[in-house]
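What follows is a set of notes on a single structure, which appears directly below.
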Amino acid sequence: EAGVTQSPTHLIKTRGQQATLRCSPISGHTSVYWYQQALGLGLQFLLWYDEGEERNRGNFPPRFSGRQFPNYSSELNVNALELEDSALYLCASRFIRGRNEKLFFGSGTQLSVL
Amino acid sequence: RKEVEQDPGPFNVPEGATVAFNCTYSNSASQSFFWYRQDCRKEPKLLMSVYSSGNEDGRFTAQLNRASQYISLLIRDSKLSDSATYLCVVMAGGSYIPTFGRGTSLIVHP
Numbered sequence: 502e503a504g505v506t507q508s509p510t511h512l513i514k515t516r517g518q519q520a521t522l523r524c525s526p527i528s529g530h531t532s533v534y535w536y537q538q539a540l541g542l543g544l545q546f547l548l549w550y551d552e553g554e555e556r557n558r559g560n561f562p563p564r565f566s567g568r569q570f571p572n573y574s575s576e577l578n579v580n581a582l583e584l585e586d587s588a589l590y591l592c593a594s595r596f597i598r599g600r601n602e603k604l605f606f607g608s609g610t611q612l613s614v615l
Numbered sequence: 008r009k010e011v012e013q014d015p016g017p018f019n020v021p022e023g024a025t026v027a028f029n030c031t032y033s034n035s036a037s038q039s040f041f042w043y044r045q046d047c048r049k050e051p052k053l054l055m056s057v058y059s060s061g062n063e064d065g066r067f068t069a070q071l072n073r074a075s076q077y078i079s080l081l082i083r084d085s086k087l088s089d090s091a092t093y094l095c096v097v098m099a100g101g102s103y104i105p106t107f108g109r110g111t112s113l114i115v116h117p
């Protein structure tokens with residue numbers, strides 16, 4: 502069974518440009534989470550999608566947005582890129598069965614803003 | 008106070024040592040608890056869920072203390088391959104948002 506896949510692996514942009522990151526969850530998982538991990542920092546929650554709807558967002562400006570498609574894959578868009586947006590962006594899909602709950606992560610997209 | 012706090016370390020221990028990490032959380036409504044392992048700049052991977060009664064998986068033991076709002080991870084007989092950052096994850100009931108601690112770095116040396 503395929504795991505969570507993210508693309509691209511690396512992305513280099515310049516200030517002011519726009520970036521699009523993609524995520525495909527594990528088959529059957531409907532929830533997708535996006536996290537930002539800047540160098541030396543912890544994972545910061547960005548967005549949560551479930552069943553095609555945005556359910557919650559973290560404390561990030563509106564230029565961070567996204568969507569979830571009918572097949573549950575997801576896109577994260579970052580507009581007007583700033584230098585401090587350079588980070589590892591991680592996508593995770595959630596498995597729930599009764600009290601058994603797990604998050605599975607993709608290998609991330611390393612975004613560098615020059 | 009941060010929602011989830013961990014001692015960043017690093018914990019530098021010899022092979023074979025026993026090491027323990029603690030993690031405190033601020034939201035008393037938290038219901039789900041996990042430990043994840045993250046190798047350098049790679050994705051976090053689930054190490055174990057933490058149950059109220061405590062649970063063990065091989066050399067790893069996790070405990071939950073709801074009264075004091077902390078969880079712990081004990082690693083026995085440390086291996087070189089245990090070197091990584093260990094992330095504490097807490098989810099409050101009804102929020103469905105896993106909150107991560109900043110992680111505790113473990114270095115196991117020969």
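If you're matching them up, the sequences are chains C and R in order. Residues in the first sequence are numbered from 502 upward in steps of one, following this note's numbering. Residues in the second sequence are numbered from 8 upward in steps of one, following this note's numbering. We put the beta carbon where it would ideally sit given N, CA and C, even for glycine. Source: prediction; values computed, not measured.
Give a yes or no on whether 8 Å exceeds the smallest Cβ distance from residue i to chain R.
i	result
Glu-602 (chain C)	yes
Gly-609 (chain C)	yes
Thr-561 (chain C)	Just to set this straight, residue 561 (chain C) is Phe in the shown sequence, not Thr. No, no contact with chain R.
Trp-535 (chain C)	no
Leu-542 (chain C)	yes
Leu-522 (chain C)	no
Phe-546 (chain C)	yes
Phe-565 (chain C)	no
Leu-589 (chain C)	yes
Asn-557 (chain C)	yes
If you count every other CB in all the chains shown that lies within 10 Å of the CB of residue i, and 16 or more means buried, which is it?
i	result
Pro-526 (chain C)	buried
Asp-64 (chain R)	exposed
Leu-542 (chain C)	exposed
Cys-524 (chain C)	buried
Ser-85 (chain R)	buried
Asp-30 (chain R)	Strictly speaking, residue 30 (chain R) in this sequence is Cys, with Asp absent from that position. Classification for Cys-30 (chain R): buried.
Give me, in chain order, the residues of the same chain whose beta-carbon lies closer than 6 Å to that of residue i; leave out the 5 immediate sequence neighbours on both sides.
i	result
Leu-522 (chain C)	Leu-577, Tyr-590 and Thr-610
Arg-556 (chain C)	Trp-549
Thr-92 (chain R)	Gln-45, Gly-110 and Ser-112
Residues bridged to residue i by DSSP?
i	result
Leu-71 (chain R)	R:Ile-78
Gly-60 (chain R)	Reading off the sequence shown, one finds Ser at residue 60 (chain R), where the question assumed Gly. For Ser-60 (chain R), which the question treats as bridged, DSSP gives no partner whatsoever.
Ser-35 (chain R)	Paired residues: none, contrary to the question.
Just to confirm before moving on: does the CB-CB distance between residue i and residue j stay below 8 Å?
i	j	result
Glu-554 (chain C)	Thr-531 (chain C)	no
Tyr-32 (chain R)	Gln-76 (chain R)	yes
Ser-575 (chain C)	Cys-592 (chain C)	yes
Arg-66 (chain R)	Ile-82 (chain R)	yes
Ala-96 (chain R)	Phe-41 (chain R)	Per the sequence presented here, residue 96 (chain R) reads as Val, with Ala not at that position. Closer than 8 Å, so yes.
Leu-547 (chain C)	Phe-570 (chain C)	no
Ala-503 (chain C)	Gln-537 (chain C)	no
Pro-51 (chain R)	Leu-80 (chain R)	no
Under 8 Å between C-beta atoms, does residue i make it to chain C?
i	result
Gly-61 (chain R)	no
Ser-37 (chain R)	no
Glu-12 (chain R)	no
Is residue i close to the ligand GDP? I mean its beta-carbon at under 7 Å from any heavy atom of the ligand.
i	result
Ile-114 (chain R)	As presented, the structure is devoid of all ligands, the ligand GDP included, so that no description of it is given.
Quick one: what's got a C-beta closer than 8 Å to residue i's C-beta in the same chain, skipping five residues either side?
i	result
Pro-117 (chain R)	Pro-21, Glu-22 and Leu-87
Leu-512 (chain C)	Ala-520, Leu-522, Thr-610, Gln-611, Leu-612 and Ser-613
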